[in-house]
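Those protein sequence lines, which keep their order, are chains A and B.
Residues 3 to 340 (the numbering used here) make up the first sequence, in order.
Residues 3 to 340 (the numbering used here) make up the second sequence, in order.
We treat Cβ as the ideally placed atom computed from N, Cα and C, and that holds for glycine.
Down below is the structure, laid out as structure tokens.
2 protein chains.
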Amino acid sequence: MQVTIKDIAKKAGVSYATVSRALNGRSGVKEETKELILEVAKKMGYQPNAIARGLVLKHTHTLALVIPDITNPFFPEIARGAEDAASLLGYSIFLCNTNWDTDKEKLYLKTLQEKRVDGIILHPAHNDGETHLYDFQIPMILLNKIPGIAEYSSIEIDNVRGGFIATKHLIEAGYKKIAFIGGTESSPSNAERKEGYKLALKKYNIPIDESLIINGKFKSESGYESLKKLIDSGNTPDAVFGGNDVIALGVLHCAQEHGLRIPEDFGIIGFDDIPYASLPQIQLTTIEQPKYQMGKRAIELLVRVLKAEEDSEVIRMILEPKLKIRKTTRNVSRKLDK
Amino acid sequence: MQVTIKDIAKKAGVSYATVSRALNGRSGVKEETKELILEVAKKMGYQPNAIARGLVLKHTHTLALVIPDITNPFFPEIARGAEDAASLLGYSIFLCNTNWDTDKEKLYLKTLQEKRVDGIILHPAHNDGETHLYDFQIPMILLNKIPGIAEYSSIEIDNVRGGFIATKHLIEAGYKKIAFIGGTESSPSNAERKEGYKLALKKYNIPIDESLIINGKFKSESGYESLKKLIDSGNTPDAVFGGNDVIALGVLHCAQEHGLRIPEDFGIIGFDDIPYASLPQIQLTTIEQPKYQMGKRAIELLVRVLKAEEDSEVIRMILEPKLKIRKTTRNVSRKLDK
DNA sequence: TCATTGTTTGAAAACGATTACAATATATAT
DNA sequence: ATATATATTGTAATCGTTTTCAAACAATGA
């Protein structure tokens, strides 16, 4: 049925050890024999069996990408970056959606261990209670750090800085009453972005008004509701920094419904730069996360630790967030022109 | 290093055949011994080696999803549907992006063969020149049929019907001059949607005006340009059926820029129902493809043929497109109310 | 010609599981 | 107690590779 190395050996009249050597380009095979073997292999349609090879070599050239949900617009680009890098380096990738469920995450990690993947890149479902990560056998790098688990390398972006830049942009564009509408309070990235927000206000000597800081969920509806509450209570801000783009989109929707003129009287900035944000009909100003790069770098880092003989040290790679000015905030330079 | 079945056998004082039997719940092991073995295995932290198992069993419980580009908003839901179904059935999934490149597709198919995946679900990069699919060894099911390759089962949607429904909706909403702005002319799905468009016009005795049928690319810019040309040449339609949502979005953008009142004076319908379409700021009327279902069904079908002993026959599963009326077309029922 | 060296090759063990078959232990019937 | 059937266990082959070690061969120099 399946053509094996032995079949080739028989037909070529050599031992299968020689065939293996020839096929893998090992030295110590006469050029002549090698050519013969290669030809026979081709003629017979030989397909090496990676399973058998994996068994003896103890690696599979397979990696896994474990993320919450590929359907979330934040992840496809990461996945793409990861896959491009992996395929370039000769690795295949398992895609695993945890659906933000720690139990499913555990389960996946278990199967991945059984399937002997060489390494894993994981975006944890939650940032707490990830105790199952402690005694983990397989090299792993984290997207988003988990506070308290120091043993894994990670790729992160500087959320504090991102929050700072976002708020600074709003201030420089002349907005005065700037609200922060965030996601889950327990999420570290949310906390960090908020910290950046406060930092910027402080730097420009703007008092921090806690009534303008709202925690909700990383959902569009949450952004919508939060702004609505602010407006209904007569506490309408003239700009908001959304904890992520999805929230900002909800905010935008609400603002539009209330007839606020954007960006003239009301500015909105998000975070992530998901594909939606750049749609001509949306044009959301936001902080870009280098998503493709995150995926790519994560794989490259992972492969580097795989190749390293000794236990490599823990590395934290911090990527820079970048301001993308579009149409939901006043353009600073235009303002300066006046 | 790694705990094997032999280690367990030694510690439990039995042969490793018995261990294997106990671990796999095979009959013919005394309850007592079985419990002992299970306990020892647990205590030693045994992780079965799927590679070794795969070698003898000749299956890997691994599938692959080969698609053009996970970054394209059409695919994440398919991927999610596929993965959910697969994980429920005990399979893992390789994610492979061909980037619309037949060579890369070929290469992936080769590695997947070497890695001995049990089956593949493939959305071909192109619908022609896929000759490498002919002598393929591994069970495969196609997303989108390839004309002329009859040997594979496939999951499709009825594009002709989708095109028909879309156009019918436009007609019933009272639009008179309906253009079709399509994607790549060579793409079968495009041709089929166009056919549905013509069918609907015929049914309502509307003459087909070839100047209102435009072929371009499946890109937003293409939709934008195509409508612009129509407008510039004084041939402005009062509605357009876009070959897919991305095109329709480009059309929408152009229409908005030209101050056309949507949906009062100008109607737009797309195809696919990508996530963008339902954004509150967009609200594009469209034809929904059951993307999640497509992924799910594809996996289920694939697994069914894997489990079937005999060569199962070729199955074509045709899914139904569904009209999603949103805000870029007049609502039919409202019109009827008058 | 013979020892010495370097190249090619082959035999066999190993990777970690499953399973057919044989062997042993236990239970049942006479 | 003996023969027979049944339940439990062990031995060894197998899956398709890679690789160590030793054997065979060819080439070189004395």
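Beta-carbon proximity list for residue i, same chain, < 6 Å, skipping 5 on both sides
i, result
"I80(B)", "K293, M296 and G297"
"T287(B)", "I271, I327, R328, T330 and T331"
"E290(A)", "D275, K324 and K326"
"V42(B)", "I10, K13 and A14"
"N207(B)", "none"
Per-residue burial, residue i [other beta carbons within 10 Å of its own, 16 or more giving buried]
i, result
"T330(B)", "buried"
"R28(A)", "exposed"
"V242(A)", "buried"
"S191(B)", "buried"
"L338(A)", "Below a pLDDT of 50, predicted positions are generally treated as unreliable, and L338(A), at 42, falls in that range; the measurement from the model is reported next regardless. Under this definition L338(A) is an exposed residue."
"L90(B)", "exposed"
"P346(B)", "Here chain B has residues from 3 to 340 only, and residue 346(B) is not among them."
"S155(A)", "buried"
"E107(A)", "buried"
"A14(B)", "buried"
"A250(A)", "buried"
"G218(A)", "buried"
"I69(B)", "buried"
"E212(A)", "exposed"
"R55(A)", "buried"
"P141(B)", "buried"
"E259(B)", "exposed"
Limits of the unbroken beta strand (DSSP E) element including residue i
i, result
"D274(B)", "G269 to D274"
"G184(A)", "I180 to G184"
"S196(B)", "The sequence shown places Lys at residue 196(B), rather than the Ser named in the question. Taken as a continuous stretch (DSSP letters only), K196(B) belongs to no beta strand (DSSP E), being part of the alpha helix (DSSP H) at P190 to K205."
"I143(A)", "M142 to L145"
"S94(B)", "S94 to N99"
"L342(A)", "Because chain A here runs from 3 to 340, residue 342(A) falls outside it and cannot be looked at."
"T64(B)", "T64 to I69"
"R318(B)", "R318 to L321"
"L304(B)", "Here L304(B) belongs to no beta strand (DSSP E); instead the alpha helix (DSSP H) covers K293 to K309."
"K326(A)", "K324 to K326"
"E187(A)", "Taken as a continuous stretch (DSSP letters only), E187(A) belongs to no beta strand (DSSP E), as it is neither H nor E."
"I215(A)", "I215 to N217"
"L124(A)", "G121 to L124"
Sequence-distant residues of its chain with Cβ nearer than 7 Å to residue i (five each side left out)
i, result
"P75(B)", "I276, P277 and Y278"
"A84(B)", "L67, I95, I123, G297, K298, A300 and I301"
"E153(A)", "V316"
"N143(A)", "What sits at residue 143(A) in the sequence shown is Ile, not Asn. Result list for I143(A): I123, Y154, S155, S156, I157, A300, L303 and L304, in chain order."
"E187(B)", "N217"
Extent of the continuous alpha helix (DSSP H) to which residue i belongs
i, result
"F166(B)", "N161 to E174"
"F77(A)", "F77 to L90"
"R55(B)", "A52 to L59"
"T104(B)", "T104 to E116"
"V42(B)", "E33 to M46"
"V248(A)", "D247 to E259"
"T20(B)", "Y18 to L25"
"A11(B)", "I7 to A14"
"G225(A)", "S222 to D234"
Residue i beta carbon near the ligand GDP (any heavy atom closer than 7 Å)
i, result
"K219(A)", "Ligands displayed in this structure: none; no statement on the ligand GDP is therefore possible."
Neighbourhood of residue i by C-beta distance below 8 Å, restricted to the same chain and skipping five residues each side
i, result
"I159(B)", "Q291, P292, M296, I320, L321, E322 and P323"
"K309(A)", "none"
"L214(A)", "K179, I180, A181, F182, L232, N237 and P239"
Residues from the region 61 to 81 of chain A in contact with chain B, defined by Cβ distance under 9 Å: For chain B, the residues of the region 61 to 81 of chain A that bring a beta carbon within less than 9 Å of one of its beta carbons are T62, H63, T64, A66, L67, D71, I72, T73, N74, P75, F77, P78, E79 and A81, in chain order.
Where the region 30 to 61 of chain A meets chain B: residues whose CB sits under 7 Å from a CB there: From the region 30 to 61 of chain A, only Q49, P50, N51, A52, I53, A54, G56 and L57 have a Cβ closer than 7 Å to chain B.
Short-range partners of chain A found in the region 285 to 302 of chain B, where Cβ spacing is below 7 Å: Of all residues in the region 285 to 302 of chain B, none is placed with a Cβ closer than 7 Å to any Cβ belonging to chain A.
Chain B contacts from the region 93 to 120 of chain A (Cβ-Cβ distance under 9 Å): Here the close residues are S94, I95, F96, L97, C98, N99, N101, K106, L109, Y110, K112, T113, L114, Q115, E116, K117 and R118.
Touch test, the region 267 to 284 of chain A against the region 251 to 259 of chain A, Cβ-Cβ under 8 Å, three pairs minimum: The region 267 to 284 of chain A is in contact with the region 251 to 259 of chain A.
At least 3 beta-carbon pairs within less than 8 Å: the region 30 to 41 of chain B vs the region 53 to 70 of chain B: No, they do not touch.
Contacting positions in the region 246 to 269 of chain B - beta carbon closer than 8 Å to chain A: Per Cβ criterion, the list reads L251, L254, H255 and Q258.
Within 8 Å of chain A by C-beta, residues of the region 269 to 282 of chain B in sequence order: From the region 269 to 282 of chain B, only P277, Y278, L281 and P282 have a Cβ closer than 8 Å to chain A.
Contact residues within the region 218 to 240 of chain A, judged by C-beta distance below 9 Å to chain B: Within the region 218 to 240 of chain A, the residues whose Cβ lies closer than 9 Å to some Cβ of chain B are S222 and Y226, listed in chain order.
Cβ pair count under 8 Å reaching 3, the region 201 to 210 of chain B against the region 162 to 180 of chain B: Judged by Cβ distances under 8 Å, the region 201 to 210 of chain B makes contact with the region 162 to 180 of chain B, as three or more pairs qualify.
Contact between the region 131 to 140 of chain B and the region 97 to 112 of chain B (3+ Cβ pairs under 8 Å): In short, these stretches touch, since the Cβ pair count reaches three.
The region 158 to 174 of chain B / the region 114 to 134 of chain B touching (three or more Cβ pairs under 8 Å): Two segments are said to touch when three or more pairs of C-beta atoms, one from each, lie closer than 8 Å; by this definition the region 158 to 174 of chain B does not touch the region 114 to 134 of chain B.
Three CB pairs or more closer than 8 Å across the region 232 to 249 of chain B and the region 260 to 269 of chain B: Yes, they touch.
Interface residues of the region 153 to 171 of chain A facing chain B [CB-CB below 7 Å]: For the region 153 to 171 of chain A, no residue has a beta-carbon sitting nearer than 7 Å to a beta-carbon of chain B.
Within 8 Å of chain B by C-beta, residues of the region 194 to 218 of chain A in sequence order: Answer in chain order: no residues at all.
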